[in-house]
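Trainee: Numbered according to our numbering, the sequence shown spans residues 425 to 574. We treat Cβ as the ideally placed atom computed from N, Cα and C, and that holds for glycine. The structure under discussion is supplied below as structure tokens; questions concerning it will follow.
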Amino acid sequence: MESEILHLAHALQNTFEKNAWHGPAVKEVLADITPQQAHHRLPATHSIIELVAHMTAWRTFVTHRLQGDTDYKVSDEQNFPTLSDWNIVVRNLEESQAALLQALLQFPQQRLDEKISPGEYNYTFYTLLSGIIHHDLYHLGQIVLLKKTI
425 MESEILHLAH
435 ALQNTFEKNA
445 WHGPAVKEVL
455 ADITPQQAHH
465 RLPATHSIIE
475 LVAHMTAWRT
485 FVTHRLQGDT
495 DYKVSDEQNF
505 PTLSDWNIVV
515 RNLEESQAAL
525 LQALLQFPQQ
535 RLDEKISPGE
545 YNYTFYTLLS
555 GIIHHDLYHL
565 GQIVLLKKTI
């Protein structure tokens, strides 16, 4: 049987790149979005570019935690930043994928049941890792809906 680290890595890869069980993966959804479309928003929503930058911010958070950085936090400015260059935002997301996979594959499986930091966050590394996949898919659904209104 596959190790849980490899299982999580495959889920992270499939939901990001291709062969996702639910439908199109992150890269597949983002592939045909133009810079103009990336800035599209409905009333009281975030734009596609803001959602993708937000996804990157939280993936970076997970990477830092896997690497032992218990002080790293996502600032308000990072959480939903105002950015203008769609190509840079997509590149940052792709780089966050590579960094996250590398950190995950180096993470000791026996630590999956440990809390990610004492006191502040009351969940395990396993919950954090499965959660980032769900987080991406939640925002991917928002992006798909926004694309339908363009």
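What separation, rounded to the nearest whole angstrom, lies between the Cα atoms of residue 548 and residue 440?
Mentor: Cα to Cα, residue 548 sits roughly 22 Å from residue 440.
Trainee: Restricting to runs no shorter than 3 residues, where is the beta strand (DSSP E) found entirely within the region 480-559?
Mentor: List check, beta strand (DSSP E) in window: 539-541 and 545-548.
Trainee: Looking at C-alpha atoms only, which residue of 560, 573 and 543 is the closest neighbour of residue 448?
Mentor: Here the closest residue by C-alpha is 560.
Trainee: Should residue 457 be listed as close to the ligand FMN, given that the test is whether its C-beta is under 7 Å from any heavy atom?
Mentor: Ligands displayed in this structure: none; no statement on the ligand FMN is therefore possible.
Trainee: Any beta-carbon of chain D closer than 8 Å to the one on residue 476?
Mentor: Absent from the structure: chain D. Only one protein chain is present.
Trainee: Of the residues 488, 541, 532 and 477, which one's Cα is nearest the Cα of residue 430?
Mentor: It is 532.
Trainee: Could you say if the region 466-480 and the region 551-570 meet the contact criterion of at least three C-beta pairs nearer than 8 Å?
Mentor: Cβ pair count under 8 Å is three or more, so yes.
Trainee: Could you pull out every residue in the same chain whose Cβ sits closer than 6 Å to the Cβ of residue 442, ignoring the five residues on either side in sequence?
Mentor: Closer than 6 Å at the Cβ level, and outside the excluded window around residue 442, lie 449.
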